[in-house]
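In what follows, a structure is listed as structure tokens, so that the remarks can point back to it.
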Amino acid sequence: MMDLPCAQWQDHVAMKWSDLEPKLKEQFASLLEIDEVFKCALSLVKQDDLDFLHSVCAGYSVQKDAALAAKCREKGNSCFKTRNYTAAALHYSKGVCFAPRSSEQLSLCYANRSAALYHLQHYQECLDDIDRAVKNGYPSHLLHKLEDRHALCFNHLSVHEKGSDDDQNTALNDCKGSDTANSPSAGPLTFGICPQVVIGSSVEKGRHLVAVDRIAPGEVIVTDRPYCCVLIPRMEEVKGTVGRYGRETEVLFGTEDRRCHRCLAETLSPVPCEGCSYSRYCSTACQQEAWEEHHRWECALGADLMVMGVMPQLALRVALKAGLKNFLQAREPIGDECKKSKPSCFNNHSSDPSTSPCGSSYLNVYNLLHHLNNHSPALRFLCAVTVATVYLKLSKAGPPPGSWSHARLSAATSQIPHGPNKKEGDADWNAELWLLGSAVLRHVLQLRCNAQAIVVLQDTGATNSAVQSNREIRIATALFPTLSLLNHSCCPNSSLVFSTGDIIDPSGSALSADFSESQAEYRSRARGVTVTVRAAKLITPGQEILHCYGPHSSRMVTQERQRLLQEQYYFLCQCEACSQQHQENVEEPIQQWPSAEGSPRKLGLLCTKCRGPLKKSSEDREAGFVCSCSHYISSSDVKNRLQEIRVNLEKAVDLMETDRPGEALRLLKKTQCQSGLILAETHPLQGELADATARAYASMGDWNNAAFHLELSAVAIASQFGEESIELGRQLFKLAQLHFNGGSRGPALSVIPKVRRLLCLHCGPHCHELQELKAMEDCLQG
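Here the working numbering runs 40 ahead of the position in the sequence shown, where the first position is 1.
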């Protein structure tokens, strides 16, 4: 989904569009060039639009505020008193971000955060905060507290370093006999495309990846870094939501509070931007790099960019990083090889910089199709007016960054319009700024079809629960130059894994830098977001490498998948899954039934009379279902039964989140009696009920019953997602934990190999779940 501006701005621009004269609407809709669209939008943006934006920005203030910093510190103190040190550190971090530079509040927040970090055993981070507190004027009469804490941290660190030295030889010896040494994924991480794959090109598919050699399941195909990424604000990270049945809990912290705004690494002690209260980073290095690359210009426009949405901000970052020189080179006429682009019915992506005959990765970004004519006129107008408004705000913020302000305009530039307000004698950077605005609009339009959501696993269980529950959440939006080569399939032959923070090699040390790289360049390359594409199944020579853009055959019916792909990516999906399921639906239109959420279901419905399988009575979805015994059940009756089961399931989950597993278990048992009358064990809703029941039993310490019900859940998971799916791997991982907790040595050791195989297949041999699995196995084997 495209991250559009906030609702107030969308409504404002929609009203502006509806008020346009028909002739002007027609003229705008007929424009075929990005420059012309931007020029037209710029002529339509008035002072009223800027005033409205200013009024909306009042709710998105990013100004420093000593009073808010003090309130955050007070909340941190309350959490500290209850020994909730993680929440305390996060509250203090908010205070650090709100506190004005070199203020007493800033020093107090740093000092208090150092105390929380000390209790969390983050001793080096504690020392860093002590130094920051002193540098920002920490009251002299309290310095003795920091001095004592400083000494304690040094003692802990010296003991830890001695222990690390003692363990190092043992760790190295353990690695020598590791069975992962021969794994195709165990070597040092390199970026780009594996040798078994080449870039193909065709009129139908555009540029795409094709296997030229056999690729075994689990082998790495592509490793890529984003050209740019933007953190999505207000995504819940610490448990706390508005309950569905009247239970309200505060959402305390979002992704912006827990992750670096440049490399997305998790941190409890972020380094704040000195100019705004929003942006924060995992280190001074990330802070400085972000400032030089984009934030020196974004900082003063923080509220405006939050109103405008993630996509315009990401587009701006792409343009700022590229600079005027690269932008002008990309606009120049290029050879036939580089002109090849994908038709609108396919992925529309470009190539890996290491293999492109055109050079830099920005050229690959620039040449992504923008689909100007495919976007609806109203959406084009929204994007263009939004970028034009940002342009006007930028024009008042001073000269552009060095990458745009210190280049000589080439002959090609003199033919490019300099904007409707360009006057003789204006500074050269006005023309360059106009080019920047046009570049941003181009990238906004491209990102609708080419942006990639970065997702991570988040623990969604109650804070005090003994049972973990995970879900995938989207934390950022990014543009990956090499990943963009992969075309879509609703049942792909590859899987993606994202990682954030420092990249570590199998030996546990930072990756060895190439001798030609400077230390700073290496650190910049080794830190940040990485996407790894692995083969999810055997790929033979000649097969295309495919991944899923979102609509997956295991979660959504064919018609719905094709509709969503057509709306966002402008192609009618004819992948193998869509073609097969379409044929199945023609021959036997009874295969799928959407759940309450719209997910696909192999029917899995049972006759309430004879317990036989139900079939659709006709192609009409509203016609109902019939059994071989001739018993008929109406479609509305089935929907009502499923909805009742879903409501009870959600109530039970809420009960568990409020530490009432006994009540949840009683409701779940009652619901399972109802569901068993109409749902087969392979139905996904039955799987969800069994999973929730397992959580309830585990919360009460009944590990054996928990494992029994989780095994039932795994049957439904395997039926829906497949025996080789990551979803089954994660479910079996939980089953191994339950067997381990219950002391069931045999069952645990029997399931661990399958879990290891599935996690290695999709996530690689070094994911943290495998480390936990190895620890369990070592313990069980004595």
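C-beta atoms are modelled at their ideal positions from N, C-alpha and C, and glycine is treated no differently. Computed from a predicted structure; not experimentally measured.
Could you compute how far the alpha carbon of residue i sits from the alpha carbon of residue j?
i: E464; j: E472; result: The pLDDT assigned to E464 is 42, lower than 50, so where the model puts this residue is not dependable, and the model offers no usable value.
i: V252; j: I585; result: 11 Å
i: S759; j: H723; result: 8 Å
i: H806; j: S70; result: 53 Å
i: E721; j: M696; result: 23 Å
i: H159; j: Y125; result: 7 Å
i: K814; j: Q777; result: 12 Å
i: C531; j: V96; result: 43 Å
i: W474; j: I494; result: 31 Å
i: G762; j: L412; result: 39 Å
i: Y651; j: C669; result: Note that residue 651 is Arg in the sequence shown, not Tyr. The alpha-carbon atoms of R651 and C669 are separated by roughly 10 Å.
i: A730; j: A756; result: 9 Å
i: H779; j: A788; result: 5 Å
i: L422; j: Q50; result: 7 Å
i: G258; j: Q620; result: 26 Å
i: G227; j: H802; result: Any reading at G227 must be qualified, since the residue scores a pLDDT of 40, below 50, and its modelled position is unreliable; no value is offered.
i: R797; j: C326; result: 36 Å
With distance defined between alpha-carbon atoms, name the residue in the options nearest to residue i.
i: G246; options: L409, A139 and R254; result: L409
i: Q602; options: Q608, L612, S594 and F665; result: L612
i: Q498; options: R488, I513 and A491; result: I513
i: A305; options: C316, R336 and C322; result: C322
i: G240; options: L526, S619 and E728; result: L526
i: I685; options: D699, I718 and A129; result: I718
i: C303; options: G315, P235, C269 and G294; result: C269
i: I74; options: S58, G477 and L519; result: G477
i: S133; options: A256, S319, G258 and W57; result: S319
i: Y267; options: N490, L90, Q87 and L789; result: N490
i: G741; options: Q492, G782 and G822; result: G782
i: Q492; options: D699, L708, Y150 and V569; result: V569
i: L725; options: R681, F748, N745 and R706; result: R681
i: D677; options: R420, P417 and A663; result: A663
For residue i, count neighbouring Cβ atoms within 10 angstroms of its own Cβ and tell me buried if that reaches 16, exposed if not.
i: D264; result: buried
i: P701; result: buried
i: R511; result: exposed
i: M351; result: buried
i: P793; result: exposed
i: C215; result: With a pLDDT of only 37 at C215, under 50, the local geometry of the prediction cannot be trusted, and the value read off the model is given with reservation. Its Cβ having fewer than 16 others within 10 Å, C215 is exposed.
i: C647; result: buried
i: D169; result: buried
i: A359; result: buried
i: L182; result: exposed
i: R482; result: buried
i: S674; result: exposed
i: S594; result: buried
i: Q486; result: buried
i: C119; result: buried
i: G177; result: exposed
Helix, strand or coil for residue i, going by three-state DSSP, please let me know.
i: L271; result: strand
i: W49; result: helix
i: E306; result: strand
i: S534; result: strand
i: N407; result: coil
i: Q492; result: strand
i: S443; result: helix
i: S759; result: helix
i: E809; result: helix
i: K577; result: coil
i: R514; result: strand
i: A815; result: helix
i: T122; result: coil
i: C803; result: helix
i: R299; result: strand
i: T263; result: strand
i: S242; result: strand
i: T429; result: helix
i: N366; result: helix
i: L689; result: helix
i: I255; result: strand
i: G822; result: coil
i: Y321; result: strand
With a cut-off of 8 Å, do at least 3 Cβ pairs link the segment 364-373 to the segment 334-344?
-> Touching, no.
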